[in-house]
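To keep things clear, I will list the structure first and then write my remarks on it.
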Amino acid sequence: MSGAAKTVGRSDANALKLDDYLPYRLSVTANAVSELIAGAYQARFGLSIPQWRLMAVLGEDGPLTQQALCARTVMDKVTVSRAAAILSERGFTSRTPNSADGRSHRLGLTREGAALYAQIAPLALAYEADLLERFSAFELKTVHALLRRLESTAATLKR
Numbered sequence: 024m025s026g027a028a029k030t031v032g033r034s035d036a037n038a039l040k041l042d043d044y045l046p047y048r049l050s051v052t053a054n055a056v057s058e059l060i061a062g063a064y065q066a067r068f069g070l071s072i073p074q075w076r077l078m079a080v081l082g083e084d085g086p087l088t089q090q091a092l093c094a095r096t097v098m099d100k101v102t103v104s105r106a107a108a109i110l111s112e113r114g115f116t117s118r119t120p121n122s123a124d125g126r127s128h129r130l131g132l133t134r135e136g137a138a139l140y141a142q143i144a145p146l147a148l149a150y151e152a153d154l155l156e157r158f159s160a161f162e163l164k165t166v167h168a169l170l171r172r173l174e175s176t177a178a179t180l181k182r
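In my numbering, the protein residues as written are 24 to 182.
So, in structure tokens, the structure goes:
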């Protein structure tokens, strides 16, 4: 074998170490937490993660346009549209014309959707409490502050 092709291995000081790469760790952690909680939403309520996120935002913020839902949930238009269609088919959301812009609609929870949200929100909070019970108040405050700072920095770098 000629020396032209060099294999980069673990001994390379500049090699990416995925387990130490923060974007990877954040993604893996977010997926692990989402999958844990999504299992409960799916089993008890038949909701996917995107469907639950839409319900959570609508339960907290009230009716929103699809564009606002995309921004608030950080999900793409297709994912939001599919989740909204399923929630609407199941009677959990309804669409009303957007008085501020006649070309769009506002999605909101129906009475049934609000009742379901009222069942799911305490479950979400219970899962969060279980996940965080081993952290001190200081650690939690620090984690929240660091996550906000990372999010802000990523938004700044994106521009």
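Beta carbons: idealized from backbone N, C-alpha and C, even for Gly.
These numbers come from a predicted model, not from an experiment.
- According to the DSSP secondary-structure assignment, Ser117 is paired through a beta bridge with Gly131.
- The C-beta of Val80 has 16 or more other C-beta atoms within 10 Å across all chains shown, which makes the residue buried.
- Below 8 Å, too few C-beta pairs join the stretch 118 to 125 and the stretch 63 to 74 to call them touching: fewer than three.
- By alpha-carbon distance to Arg67, the top candidate from Arg182, Ser104, Val166, Ile143 is Ile143.
- Going by C-alpha positions, Asn37 is about 23 Å away from Leu173.
- In chain order, Ile60 place their CB closer than 7 Å to the CB of Ala147, counting only its own chain and leaving out the 5 sequence neighbours on each side.
- Taking a contact to require three or more Cβ pairs closer than 8 Å, the stretch 134 to 143 and the stretch 97 to 104 do not qualify as touching.
- In this chain, the alpha helix (DSSP H) harbouring Ser111 covers 100 to 112.
- Among the bridge pairs identified by DSSP, Thr88 is matched with Arg129.
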